[in-house]
Amino acid sequence: MSDARALAGVRVVELASTLTSYCGKLFADLGAEVVLVEPPEGSPERREGPFIDDRPDPEGSLTFAYFNCGKKSVTLDVGHAAGADSARRLIGGADLFLEGTPPGTLAASGLDYASLKRLNPRLVYTSITAFGQDGSYARFAYSDLTLLALGGLLYLGGYTDSPPLRVYGNQALQSASLFGAVASVSALYAAAARGVGQHVDVSAQECVALALENSVQMYELEGTVRRRFGGEQRQAGTGVFPTQDGYVCLMAAGIASNRFWRNTVQWLCAEGVPGAQALNDPEWSDLDYLNTAEAKRRFGEIFLPYSRSKTSAYLYETGQRHRLPICPVCSPAELLANRQLNARGYFVQALHAATGRQLTLPGAPYRLSVTPWALQGGPPRLGEHNGEILSRLGGAPRATANAQGGA
Amino acid sequence: MSAERQPPVLEGVRIADFSWIGAGSYATKLLADLGAEVIKIESSVYPDLLRTSRPFKDGVPGVNRSGYFADRNASKRSITINMKSERGRELAKALIVKSDVVCNNFAPGVMDRWGVGYETVSALKPDLIFISMSMQGATGPEKDYIGYGMTMTALAGLQHLTGLPERLPVGTGTNYPDHIPNPCHAAFAIVAALIHRRRTGRGQFIDLAQTEPTVAMLGPAVLDYSVNGRNQTRTGNAHPVFAPHGVYPCAGEDRWIAICVENDAQWQALVEALGGAPSLSEARWRTADGRRREREALDKLIAGHARSHEAGDLMKRLQARGVPAGAVLDAPGVLRDEQLVHRGHWRRLDHPEMGVTTYNRQPFQLSASEVGPTRRAPLLGEHTEEICTTLLGLSPAEVRELKEAGVLV
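In the order they appear, the protein sequences are chains A and B.
Taking the working numbering as reference, the numbering of the first sequence is continuous, increasing by one, and the terminal residue is 570.
Taking the working numbering as reference, the numbering of the second sequence is continuous, increasing by one, and the terminal residue is 407.
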């Protein structure tokens, strides 16, 4: 067994879904074998854009490509007896099963936890669902947007004068995958030693609630309901400010203190910003004053003419030289050109077999010195590994495998 | 679920936790709630900034009164060590040697300056897992640049992609990377390294640059640029395919509902739930293309109808017809949401200074093992004597002396 990969030898079966895909990816990228079980028409993620060259082809989804690199694709129709049987035997030999179907759905196929536990007591069976396995919302229809709403994060996003606005990028679904991954890998750690697995029940709504920062406690302890504040300074000097070529994000005071205020003033004075001296006046060392409309207005009057006259890169460099939490607001193009990310070799390449193209995508989210993160390959074609995986199932009648879409 | 109980899944793992404020503290909190023994090493000389952050119980400040701190640090024990003292650094090193994992989220170099950097402590304990979660990583030209969760959302691309196209970028309105992307990635890497250690006997160093997991949450946008050359920007609540897909005002002050219609059957169900108004029944709305083409007009129309409904009632009417819909909940809303309450998401724990207050449970349940928090947040230095006498071989008298000498403070 390879010592070079942290999760070498860990066998994962993932029933393809948007709730499980990032979870499966985390396992694959640290060396686990992840078999992606797709229905004959392919994972729902294959129908999500953006697409390569904007052609809506199930082999061309960049969303699928990102979340499924290095997994092995097997097509099985688990709604039919033969497909369910193959899936059962596959999971019978696995350490971890990931699924994101509405609660109760898999019992008819014999792929529920109670059935699989009898087959494989060591199995960790992880259900990542919108609302968890029980309760009155358990079978609610959902989307990323409605989960952000019911988890409470949506309410905090947006402008004071706009409806709540959604954060980019299916963050509710990805959060559920992330917490699902932590719970699963921890349950595997125990199962390997104890020889007994268990059922992990993840609720995406609850995952979103973990992102509410201090807002529940603000209400409970101080009676304050936190609201959205986008487009305005959160306190004087803290927020997003326009520059000559974009925006910067600045926290002139810092967090929960004003430890950086002096640096901000020194920076602005060194830059010869008119009126910056006034920011040395004693009232600015009072956190309560920074929260007033007057303080925000005065700071804006001094800072905005300056920020608008400089590039984001200039403000980033000079502000950081004065030890300030300031940075540019980066677009995807700017991320790909970011010198720090590039110096660290952050972006990686993956071969997209269906088109022969090399894709450039985000790489290691963590660097493990002995067992580095690495993609095991590009995104699989639909059913690409049917032969390899299904032939492994001892006693599998070939005809059955083929009938379920064997390549 | 199974009645065969097991101990917590990470029982037996000990973590020396130097993390403070944001992402680090939530990473170790996750592991603590899964059963790891997490020892928070802090100091009254320079307390964790969250201890002095709002909200405070009854609005009265105090290092043991912050609800923000409590929610992130429940299930841990607290020892105070003054890392500015030589003896304090020795004791911290002794604690590390008795631990399986070390976690910190300081700027690069801080742990080294204290004499507890990876090179030093791994020489004493080679199978140690040591994670550093600095803002931009341990290497590279901007490694020493500073920032917080909010600036990170900007630097890592999330701000730019969130908000209305013609207005300032807004992001989530929170320090999002601190709460989910970074703690979860860190916790996953730590447990994966523990699995590897059990197999091989080897420890390792984990360098987590907090910007990097955050960018990893934006994969499709990065690919859209690197492959198609399209530099995406913010689009409000609009979806590239589905319409309607948005947030609509409901009865009351600042009350909203999120609705997504993903196919024509759901559209018909929505029209029915809103009372079958003629303006919604027009032929132009019956196809996905038609709805997408005039999405702004459609949004206005739906907003006009939603306004007369209470958000929770409308959600149930829509859900009864299979339409994805969710009331937009604020803090009081999530606290009383019937599903979160049913799931036992809110856990109430009794604290000597704060009394009974609300904590998040982890957003998952295990069929055979307990998931925390089960232990309230620690008082500053509450377990100093307990940890010193049980793990570091000090006598109560020695602990007292070291407190008086300004070491265990």
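Ideal Cβ positions, reconstructed from N, Cα and C, are used throughout, including at glycine.
Following the DSSP letters along the chain, one finds B:Y357 inside the beta strand (DSSP E) bounded by residues G353 to N358. When the alpha-carbon of A:E551 is set against those of A:R461, A:A441 and A:K235, the nearest one is in A:K235. Note that the C-beta distance between B:V58 and A:P326 is not below 8 Å. Listed along chain B, no residue sits closer than 7 Å to A:R281 by beta-carbon distance, the nearest being about 12 Å off. Pairing B:T209 with B:T356, the inter-Cα distance amounts to about 30 Å. A:R502 and B:P139 have their C-alpha atoms roughly 8 Å apart. In terms of Cα proximity to A:S184, the closest of A:R168, A:P203 and A:R209 is A:R209.
Here the alpha carbons of B:S306 and A:Y229 stand approximately 42 Å from one another.
Closest option to B:G22, judged by alpha-carbon separation, among B:G342, B:A185 and B:A281: B:A185. As for any beta strand (DSSP E) of minimum length 3 sitting wholly inside the region 180 to 247 of chain B, the runs are 202 to 205 and 243 to 247, ordered along the chain.
Note that the C-beta distance between B:R232 and B:T160 is below 8 Å.
The three-state secondary structure of B:V100, taken from DSSP, is strand. When only Cα atoms are considered, A:L274 and A:L259 end up about 13 Å apart. Note on B:A154: 16 or more other CB atoms within 10 angstroms of its CB, so buried under the neighbour-count rule. At a Cβ-Cβ threshold of 8 Å, A:Q368 and A:L313 count as neighbours. For A:G314, the uninterrupted alpha helix (DSSP H) segment begins and ends at D307 to G314.
The three-state reading of DSSP puts A:M414 in strand, counting E and B together.
Per DSSP, reduced to three states, the secondary structure at B:L378 is coil, with no helix or strand assignment. When DSSP states are grouped into helix, strand and coil, A:F462 belongs to the helix group. Among the residues of chain B, those whose CB is under 7 Å from the CB of A:A304 are Q317, G320, V321 and P322, following chain order. Under the Cβ criterion of 8 Å, B:M148 is counted among the residues facing chain A.
Counting other Cβ atoms within 10 Å of its Cβ, A:V197 reaches 16 or more and is therefore classed as buried. Boundaries for A:A517: no alpha helix (DSSP H) harbours it, and the DSSP string shows neither H nor E there. Within the region 1 to 12 of chain B, contact with chain A at the beta-carbon level (separation under 7 Å) is assigned to Q4, V7 and L8. B:A275 sits exposed, since fewer than 16 C-beta atoms from the chains shown fall within 10 Å of its C-beta. The DSSP assignment places complete alpha helix (DSSP H) segments of no fewer than 4 residues inside the region 255 to 313 of chain A at 276 to 282, in order along the chain.
Per the DSSP secondary-structure output, B:F128 pairs in a beta bridge with B:V100 and B:F203. Your pair B:A301 and B:A256 does not check out as a contact, with CB atoms roughly 12 Å apart and the cut at 8 Å. B:H194 reaches chain A at A169 and T534, counting residues in chain order whose Cβ is nearer than 7 Å. Remark: C-beta atoms of A:L308 and B:H243 approach each other more closely than 8 Å. Under the three-pair Cβ rule at 8 Å, the region 484 to 502 of chain A counts as touching the region 222 to 238 of chain B. Pairwise C-beta distances place the region 276 to 291 of chain A out of contact with the region 216 to 225 of chain B, as fewer than three of them are shorter than 8 Å. A direct Cα-Cα distance of roughly 25 Å separates A:E177 from A:A372. Per DSSP, reduced to three states, the secondary structure at B:R345 is strand. Annotation: A:E385 to A:T474 spans about 41 Å, alpha carbon to alpha carbon. When CB distances to chain A are screened at a threshold of 9 Å, the residues of the region 55 to 66 of chain B falling below it are K55, D56, G57, R63, S64, G65 and Y66, in chain order.
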